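>
Number of protein chains: 2
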Amino acid sequence: MPREITAYSNPLIKRIRGLREKRHRREEGLFLAEGLRILTEAREAGRIPHYLFFARDSAAHPLVLALVDAVEAAGGEAIETVPDILSKLSGKDNPQAVVGVFAEFARTLDSLDRTSAAIWLVAERMRDPGNLGTILRTGDAVGAGGLILIGECVDPFSVEAVRASMGALFTVPVVQCEWDAFLPWLRSGPGQLVGLSLDTSVDYQSARYEAPTFLLTGNEAQGMPDAYASECDLLVKIPMLGKADSLNAAVATAVMAYEVLGQQTKRG
Amino acid sequence: MPREITAYSNPLIKRIRGLREKRHRREEGLFLAEGLRILTEAREAGRIPHYLFFARDSAAHPLVLALVDAVEAAGGEAIETVPDILSKLSGKDNPQAVVGVFAEFARTLDSLDRTSAAIWLVAERMRDPGNLGTILRTGDAVGAGGLILIGECVDPFSVEAVRASMGALFTVPVVQCEWDAFLPWLRSGPGQLVGLSLDTSVDYQSARYEAPTFLLTGNEAQGMPDAYASECDLLVKIPMLGKADSLNAAVATAVMAYEVLGQQTKRG
């Protein structure tokens, strides 16, 4: 039977609200995800929240019921609450019907099976949580084996990244590591490292990709360091006809990933 | 000679800060853009701010000097100020070196020359300013003739949209109109209307596009209404192999636009 919390001063609410800050997430090993769609995605991927907060008036929704059941079966706690508190938890005026609190799940390079997918996404110093979440979402769509985050990236468990991922955080494995760990791992098996660059004349559509393809996207403002570019098996560029000579990093990653997917599909 | 404002209580600062709200933008016919890169993009596109705010310690930067010159030559006002006030204007802790106040520039359908470009972007009920700005940026990169916004879209002159556009707001014509105005205009001349849809078996890479191609992207959550889809000359889908069956709207638009561009380039 779900318990009820209606007082904003409740210590659990304060603690959960703190998870909007990275420091508290690291201390607790927990993070927030919100929205019925995202939490259902998580449930279907076998990720069940430790705590589930839901609004009283959404309690009859079959997907909410399924979540409550799953949480209670897994030994977590389902908590009925009021829209105001859901707003405080999610930081949005228009609260989602449900907010979940999940254990962070870190993956290591060694846990990845590179033969399990033909496309892998690699992002270095990705700073924008929206971009990171969007790249995860694209990763889900192209069937990527995972997203490997190199260096000082934004936290993939931040509220904004989870939101932008639309649930893909739960379906696409994420690894955080340093370049010095990534490169030896990459070279210990098959894999073509393809870097997106402005300093090449190779058009991304005329290049030929070899599975498993690791698509490397550099920092939003600076691109990737020369030292990383020189380790790539292939550097390609996306043509830009405009004045700005730049694409959003998540967009560029997606345009690349879909070209690779299209080639693999035609040959397959 | 630039004047100096260092007091936050200055009425002009209050008035400019108000432009972060849509209501004030409409009343004044003005909007905010920030950052040296974006303002330089604007200058090169012939858009000069009415007011230019710049930090004292950036005054020697050649691009800031070029902006100050351009503003004063155009009869606008360049105002030296302090980082604190720049933060207040831009709403960011880490202020940009420059903030510009521009006159809104609305375009009408009749002002567009559809033969001037092979790709046109059309978005209906686009709600996220980041998506709108990102689509503008993609539009710049693929050489789109313009972005046509249908129905209740987020304001393209919002601070967030301008920021995400990275200056493309100044280089890509934007028209806001209703579907009932768009459709007769479209049909009054050549143009293939291509809708992105989940309800079709036509793969976007196997379709053949005819210039000028008008790429229609629907609302982020709901896609486009059936009535709009049935007016399309072609409905295509982007394959999705994952669990979520969805792509970010700006990403989907970019994947489509680059496929069209690639086909046109190969045939051209």
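First to last, the sequence lines map onto chains A and B.
Quick note: to get our numbering, add 31 to the position in the first sequence (first position is 1).
Quick note: to get our numbering, add 31 to the position in the second sequence (first position is 1).
Glycine included, every Cβ here is placed at the ideal spot set by N, Cα and C.
No experiment lies behind these values; they were computed from the predicted model shown.
#1: By the 8 Å beta-carbon criterion, what residues does the stretch 71-91 of chain A contribute toward chain B?
#2: Confirm, please, whether the CB-CB distance from residue 77 (chain B) to residue 171 (chain A) is below 7 Å.
#3: In whole angstroms, what separates the C-alpha of residue 267 (chain B) from that of residue 145 (chain B)?
#4: Spatial neighbours of residue 292 (chain A) within its chain, please: CB distance less than 6 Å, with the 5 preceding and 5 following residues excluded, ordered by chain position.
#5: Could you list the residues in the stretch 179-202 of chain A with a C-beta less than 8 Å from some C-beta on chain B, going in chain order?
#6: Could you give the DSSP three-state label for residue 276 (chain A): helix, strand or coil?
#7: Figure out for me which residue from A:245, A:44, A:159, A:66 has the closest Cα to the Cα of residue 264 (chain A).
#8: For the 8 Å Cβ check, are there 3 or more pairs between the stretch 45-55 of chain B and the stretch 85-101 of chain B?
#9: Does DSSP put residue 75 (chain B) in a helix, a strand or coil?
#10: Do we get a CB-CB distance below 7 Å when we pair residue 14 (chain A) with the residues of chain B?
#11: Can you give the Cα-Cα distance for residue 133 (chain A) and residue 227 (chain A), rounded to whole angstroms?
#12: Does DSSP put residue 294 (chain A) in a helix, in a strand, or in coil?
#13: At what residues does the beta strand (DSSP E) containing residue 181 (chain B) begin and finish?
#14: Say whether chain A places a C-beta atom closer than 7 Å to the C-beta of residue 172 (chain B).
#15: Just the chain A side, please: which residues come within less than 7 Å of residue 236 (chain B) by C-beta, in chain order?
#16: Using a 10 Å radius around the Cβ and a threshold of 16 neighbouring Cβ atoms, would you call residue 159 (chain B) buried or exposed?
#17: Is there contact here, the stretch 147-166 of chain A with the stretch 103-118 of chain A, by at least three beta-carbon pairs under 8 Å?
#18: Exposed or buried, residue 233 (chain B), counting other C-beta atoms within 10 Å across all chains shown (16 or more means buried)?
#19: Run through DSSP, which three-state label would residue 123 (chain B) get?
#20: Beta-carbon of residue 138 (chain A) versus every beta-carbon of chain B: anything under 7 Å?
#21: Measuring alpha carbon to alpha carbon, tell me which residue in B:222, B:167, B:121, B:81 is nearest residue 280 (chain B).
#22: Answer with buried or exposed for residue 297 (chain B), where buried requires no fewer than 16 other C-beta atoms within 10 angstroms of its C-beta.
#23: At 8 Å on the CB atoms, spell out the chain A contacts of residue 286 (chain B), in chain order.
#24: For residue 47 (chain B), does the three-state DSSP call read helix, strand or coil?
#25: Anyone know if the C-beta pair for residue 127 (chain B) and residue 65 (chain B) falls short of 7 Å?
#26: Under 8 Å: do the stretch 202-212 of chain A and the stretch 234-253 of chain A share three or more Cβ pairs, one atom per stretch?
#27: Is residue 165 (chain B) close to chain A, meaning its C-beta is less than 7 Å from at least one C-beta of that chain?
#28: Could you name the residues that DSSP lists as bridge partners for residue 268 (chain B)?
#29: Under 7 Å between beta-carbons, which chain A residues line up against residue 161 (chain B)? List them in chain order, please.
For this structure:
#1: 72, 75, 76
#2: For this step, residue 171 (chain A) is matched to residue 140 along the first sequence. For this step, residue 77 (chain B) is matched to residue 46 along the second sequence. Taking 7 Å as the Cβ cut-off, residue 171 (chain A) and residue 77 (chain B) do not qualify as a contacting pair.
#3: Taking the second sequence and counting its residues from 1, one reaches residue 267 (chain B) at position 236. Taking the second sequence and counting its residues from 1, one reaches residue 145 (chain B) at position 114. The alpha-carbon atoms of residue 267 (chain B) and residue 145 (chain B) are separated by roughly 22 Å.
#4: As a first step, residue 292 (chain A) must be located in the first sequence, where it is residue number 261. Cβ neighbours of residue 292 (chain A) beyond the five flanking positions: 173.
#5: 195, 197, 198, 199, 202
#6: Taking the first residue of the first sequence as position 1, residue 276 (chain A) is located at position 245. Coil at residue 276 (chain A), not helix or strand.
#7: Working through the first sequence from its first residue, we reach residue 264 (chain A) at position 233. Here the closest residue by C-alpha is A:245.
#8: no
#9: As a first step, residue 75 (chain B) must be located in the second sequence, where it is residue number 44. Helix, per DSSP.
#10: Because chain A in this structure spans residues 32 to 299, residue 14 (chain A) falls outside the shown range and cannot be described.
#11: Taking the first sequence and counting its residues from 1, one reaches residue 133 (chain A) at position 102. Taking the first sequence and counting its residues from 1, one reaches residue 227 (chain A) at position 196. The straight-line gap from Cα to Cα measures roughly 34 Å.
#12: On the first sequence, position 263 is the one that residue 294 (chain A) refers to. In the structure shown, residue 294 (chain A) sits in a helix (DSSP, three-state: H, G or I).
#13: Residue mapping note: residue 181 (chain B) aligns to position 150 of the second sequence, counting from 1. Per DSSP, residue 181 (chain B) belongs to the beta strand (DSSP E) from 178-181.
#14: If you number the second sequence from 1, residue 172 (chain B) lands on position 141. So, interface residue.
#15: As a position in the second sequence, residue 236 (chain B) is number 205, starting the count at 1. The answer, in chain order, is 293.
#16: Locating residue 159 (chain B) in the second sequence gives position 128, counting from the first residue. Residue 159 (chain B) comes out buried.
#17: no
#18: By 1-based counting over the second sequence, the position of residue 233 (chain B) is 202. With fewer than 16 other Cβ atoms within 10 Å, it is exposed.
#19: Counting from 1 along the second sequence, the entry for residue 123 (chain B) is found at position 92. Residue 123 (chain B): coil per DSSP, three-state reduction.
#20: As a position in the first sequence, residue 138 (chain A) is number 107, starting the count at 1. No, residue 138 (chain A) lies away from the interface with chain B (no Cβ there is under 7 Å from its Cβ).
#21: By one-based count along the second sequence, residue 280 (chain B) stands at place 249. Of B:222, B:167, B:121, B:81, the residue nearest in Cα terms is B:167.
#22: Taking the first residue of the second sequence as 1, we reach residue 297 (chain B) at position 266. When all chains shown are included, residue 297 (chain B) counts as exposed.
#23: The residue you call residue 286 (chain B) lines up with position 255 of the second sequence. Those are 285, 286, 289, listed as they occur along chain A.
#24: Start at 1 with the first residue of the second sequence, and residue 47 (chain B) comes out as number 16. Looking at residue 47 (chain B) - three-state DSSP - the assignment turns out to be helix.
#25: In the second sequence, counting from the first residue as 1, residue 127 (chain B) sits at position 96. In the second sequence, counting from the first residue as 1, residue 65 (chain B) sits at position 34. In contact: residue 127 (chain B) and residue 65 (chain B) (Cβ atoms closer than 7 Å).
#26: no
#27: Here the question's residue 165 (chain B) lines up with position 134 in the second sequence. Taking Cβ atoms only, chain A reaches closer than 7 Å to residue 165 (chain B), which makes this a yes.
#28: For the purposes of this step, residue 268 (chain B) is taken as residue 237 along the second sequence, with counting starting at 1. B:234, per the DSSP bridge assignment.
#29: Start at 1 with the first residue of the second sequence, and residue 161 (chain B) comes out as number 130. By Cβ distance, chain A contributes 161.
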